[in-house]
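Structure record follows, encoded as structure tokens.
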Amino acid sequence: MVSEALWSIQFLDPGKQTLAIIGAGKIGTAILRALKDEWNVIGTGRSDETIERVRRIGAIATKDNAMACRMADVIILSVKPSHLKDLLTLSRYLEGKLVISVLAGVRTSILESEFPKARVVRAMPNINAIIGESVTAISAGRSARESDVELAERIFRKLGDVFIVPEEYMDPITALIGSGPALVSEIIDAMLLGAVAAGMPRELAYRMLLRLIEGTVRVLEETGMHPAQLRDLVTTPGGTTITGISIMEEMRVKSGIIYAIKGASDRAKEIGAHMERVSVIH
Numbered sequence: 001m002v003s004e005a006l007w008s009i010q011f012l013d014p015g016k017q018t019l020a021i022i023g024a025g026k027i028g029t030a031i032l033r034a035l036k037d038e039w040n041v042i043g044t045g046r047s048d049e050t051i052e053r054v055r056r057i058g059a060i061a062t063k064d065n066a067m068a069c070r071m072a073d074v075i076i077l078s079v080k081p082s083h084l085k086d087l088l089t090l091s092r093y094l095e096g097k098l099v100i101s102v103l104a105g106v107r108t109s110i111l112e113s114e115f116p117k118a119r120v121v122r123a124m125p126n127i128n129a130i131i132g133e134s135v136t137a138i139s140a141g142r143s144a145r146e147s148d149v150e151l152a153e154r155i156f157r158k159l160g161d162v163f164i165v166p167e168e169y170m171d172p173i174t175a176l177i178g179s180g181p182a183l184v185s186e187i188i189d190a191m192l193l194g195a196v197a198a199g200m201p202r203e204l205a206y207r208m209l210l211r212l213i214e215g216t217v218r219v220l221e222e223t224g225m226h227p228a229q230l231r232d233l234v235t236t237p238g239g240t241t242i243t244g245i246s247i248m249e250e251m252r253v254k255s256g257i258i259y260a261i262k263g264a265s266d267r268a269k270e271i272g273a274h275m276e277r278v279s280v281i282h
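Under this note's numbering, read the sequence shown as residues 1 to 282, first letter to last.
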């Protein structure tokens with residue numbers, strides 16, 4: 001195993017801070033890619049595939065979580081919530097360091113209980129980070145300093161927009177923002193299939209649909225209109241739009257989307273409650 005001293009000599013620029021991503025999946029890799037010019041960046045993973053992906057972007061890759069934490073100034077936990085238990089032995093390497101968690105549903109209080117000498121911030125980015133278009137929510141744990149939140153904000157601004165929010169909002173934000181790209185993709189796919197069913201070529205429908213969504217978002221942003229106002233602006237009596245909306249109402253499409261967001265939020269709460277029980281037992 002490479003010693004800590006050799007790590008410092010071989011891999012780390014002494015003029016830069018060091019950031020470790022514990023569990024460099026898709027979002028973790030996006031963070032590494034965005035920060036690799038400003039930081040020493042270390043990505044960890046269990047599989048050879050992950051290690052190779054991290055190396056390809058020019059980051060330091062290792063399967064040794066403990067070494068990564070020892071060498072880092074800032075640690076981002078990016079594993080599945082169910083794998084948090086595998087990281088508990090890292091506590092001694094996190095003393096006095098900023099730990100940013102992107103684990104869905106896992107409250108800062110749980111992490112502060114497991115890593116009592118670390119300073120904890122919670123973040124929820126989304127998959128759009130892979131092109132620098134994430135929306136990320138950040139909440140401070142009780143142990144975090146104002147400067148920690150500012151640093152977390154600077155890190156995630158490299159991936160897109162950032163909102164500082166109370167932690168009580170993080171579960172619905174996980175549903176809306178974390179799960180949002182998948183839910184929006186389902187809606188887009190349904191509209192695409194509808195266009196194909198109506199006789200449009202798939203490729204043409206898809207290109208036009210993406211521009212439609214982009215344009216609609218810009219109208220809402222630039223005019224400040226509520227979505228219902230834009231809907232009413234397009235809808236005329238007895239026209240095609242009201243026919244389509246009436247069918248959506250009959251099929252309870254809007255209700256389904258509302259329940260999808262609420263259900264995903266409830267699931268995030270369930271994960272947090274389970275992790276809290278496990279933490280208490282531990």
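Backbone N, C-alpha and C define an ideal beta-carbon position, used for all residues, glycine too.
Quiz item: For the candidate residues 155, 48, 23, 220, whose alpha-carbon lies nearest to that of residue 123?
Solution: Working through the sequence shown from its first residue, we reach residue 123 at position 123. Ranking the options by Cα distance to residue 123, first place goes to 155.
Quiz prompt | Buried/exposed call for residue 107, threshold 16 Cβ in 10 Å | solution = Within the sequence shown, the letter at position 107 stands for residue 107. When all chains shown are included, residue 107 counts as buried.
Self-check item: Alpha-carbon spacing of residue 77 relative to residue 263, whole angstroms
Solution: Residue numbering aside, residue 77 sits at position 77 when the sequence shown is read from its first letter. Residue numbering aside, residue 263 sits at position 263 when the sequence shown is read from its first letter. For residue 77 and residue 263, the distance between alpha carbons rounds to 25 angstroms.
Self-check item: Endpoints, the beta strand (DSSP E) within which residue 164 is located
Solution: Looking up residue 164 in the sequence shown gives position 164. Per DSSP, residue 164 belongs to the beta strand (DSSP E) from 160-164.
Self-check item: residue 170, DSSP secondary structure in three states
Solution: Start at 1 with the first residue of the sequence shown, and residue 170 comes out as number 170. In the structure shown, residue 170 sits in a helix (DSSP, three-state: H, G or I).
Quiz prompt | Neighbourhood of residue 129 by C-beta distance below 6 angstroms, restricted to the same chain and skipping five residues each side | solution = Taking the sequence shown and counting its residues from 1, the one referred to as residue 129 is at position 129. Excluding sequence neighbours, residue 129 sits near 27, 30, 159.
Quiz prompt | Boundaries of the beta strand (DSSP E) in which residue 75 is found, first to last residue | solution = Here residue 75 refers to the residue found at position 75 when the sequence shown is read from its first residue. Here the beta strand (DSSP E) through residue 75 covers 74-77.
Exercise. To the nearest angstrom, report how far apart residue 193 and residue 47 are at their CA atoms.
Key: Mapped onto the sequence shown, residue 193 falls at position 193. Mapped onto the sequence shown, residue 47 falls at position 47. Looking at the two C-alpha atoms, the distance is approximately 37 angstroms.
Quiz item: Would you report the Cα separation of residue 44 and residue 270, rounded to the nearest angstrom?
Solution: Taking the sequence shown and counting its residues from 1, one reaches residue 44 at position 44. Taking the sequence shown and counting its residues from 1, one reaches residue 270 at position 270. Near 28 angstroms, if we compare the C-alpha coordinates of residue 270 and residue 44.
Quiz item: Between residue 65 and residue 87, which are expected to be in contact by the criterion C-beta below 8 angstroms, what is the C-beta distance as a whole number of angstroms?
Solution: As a first step, residue 65 must be located in the sequence shown, where it is residue number 65. As a first step, residue 87 must be located in the sequence shown, where it is residue number 87. Indeed, because the Cβ distance is near 7 angstroms, the residues count as touching under 8 angstroms.
Practice problem: Specify whether the segment 165-182 and the segment 143-155 touch according to this definition: at least 3 beta carbon pairs, one from each stretch, less than 8 angstroms apart. | Solution: no
Quiz item: Which residues mark the beginning and the end of the alpha helix (DSSP H) in which residue 223 is found?
Solution: Numbered from its first residue, the sequence shown carries residue 223 at position 223. Counting along the chain, the alpha helix (DSSP H) containing residue 223 begins and ends at 202-223.
Exercise. Classify residue 221 as buried or exposed, calling it buried when 16 or more other Cβ atoms lie within 10 Å of its own Cβ.
Key: For the purposes of this step, residue 221 is taken as the residue at position 221 of the sequence shown. Classification of residue 221: exposed, given that the 10 Å Cβ count is below 16.
Quiz item: If you drop the 5 nearest sequence neighbours on each side, which residues of the same chain put their C-beta closer than 6 angstroms to that of residue 230?
Solution: Indexing the sequence shown from 1 puts residue 230 at position 230. Closer than 6 angstroms at the Cβ level, and outside the excluded window around residue 230, lies no residue.
Quiz prompt | Distance between residue 113 and residue 141 (C-alpha atoms, nearest Å) | solution = Residue mapping note: residue 141 aligns to position 141 of the sequence shown, counting from 1. Residue mapping note: residue 113 aligns to position 113 of the sequence shown, counting from 1. Approximately 11 angstroms, taken between the alpha carbons.
Quiz item: Given that a residue counts as buried once 16 or more other Cβ atoms are within 10 Å of its Cβ, and exposed if not, what is residue 289?
Solution: A query on residue 289 cannot be resolved here, the shown segment of the chain reaching from 1 to 282 and no further.
Self-check item: Beta-carbon proximity of residue 143 to residue 119, cut-off 8 angstroms
Solution: As a first step, residue 143 must be located in the sequence shown, where it is residue number 143. As a first step, residue 119 must be located in the sequence shown, where it is residue number 119. Yes.
Practice problem: Flag this pair as touching only if the segment 57-74 and the segment 10-17 have three or more C-beta atom pairs under 8 angstroms; answer yes or no. | Solution: yes
Quiz item: Are the beta-carbon atoms belonging to residue 195 and residue 170 less than 8 angstroms from one another?
Solution: In the sequence shown, counting from the first residue as 1, residue 195 sits at position 195. In the sequence shown, counting from the first residue as 1, residue 170 sits at position 170. Their beta carbons are not under 8 angstroms apart, which means residue 195 does not touch residue 170 by this criterion.
Exercise. Indicate whether residue 80 and residue 95 have their beta-carbon atoms separated by less than 8 angstroms.
Key: Residue 80 sits at position 80 when you count from the first residue of the sequence shown. Residue 95 sits at position 95 when you count from the first residue of the sequence shown. For residue 80 and residue 95, no; Cβs fall outside 8 angstroms.
Quiz item: Do you know whose CA, among 277, 56, 36, 83, lies nearest residue 23's CA?
Solution: To locate residue 23, count along the sequence shown from 1; it is residue 23. Among 277, 56, 36, 83, the Cα nearest to that of residue 23 belongs to 83.
Quiz item: Mind pulling the alpha helix (DSSP H) runs of 4 or more residues that sit fully within the segment 73-157?
Solution: 108-114, 146-157
Practice problem: Closer than 8 angstroms by C-beta to residue 236: which residues in its own chain qualify, once you throw out the five before and the five after it? Chain order, please. | Solution: The count along the sequence shown starts at 1 and reaches residue 236 at position 236. If we look at residue 236 and ignore the five residues flanking it on each side, its Cβ neighbours are 242.
Exercise. Pick helix, strand or coil for residue 245, following the three-state DSSP scheme.
Key: Here residue 245 refers to the residue found at position 245 when the sequence shown is read from its first residue. In the structure shown, residue 245 sits in a helix (DSSP, three-state: H, G or I).
Exercise. Can you grab the Cα-Cα spacing for the pair residue 39 / residue 10, in whole Å?
Key: Reading the sequence shown from its first residue, position 39 is the one you call residue 39. Reading the sequence shown from its first residue, position 10 is the one you call residue 10. For residue 39 and residue 10, the distance between alpha carbons rounds to 15 angstroms.
Quiz item: Is it the case that the Cβ atoms of residue 209 and residue 188 are separated by a distance below 8 angstroms?
Solution: Taking the first residue of the sequence shown as position 1, residue 209 is located at position 209. Taking the first residue of the sequence shown as position 1, residue 188 is located at position 188. Contact: yes.
Exercise. Could you tell me which residues DSSP pairs with residue 65 in its beta bridges?
Key: Along the sequence shown, one-based indexing puts residue 65 at 65. Per DSSP, none; premise fails for residue 65.
Quiz item: Cα separation between residue 68 and residue 110?
Solution: Here residue 68 corresponds to residue number 68 of the sequence shown, with the count starting at 1. Here residue 110 corresponds to residue number 110 of the sequence shown, with the count starting at 1. About 22 angstroms.
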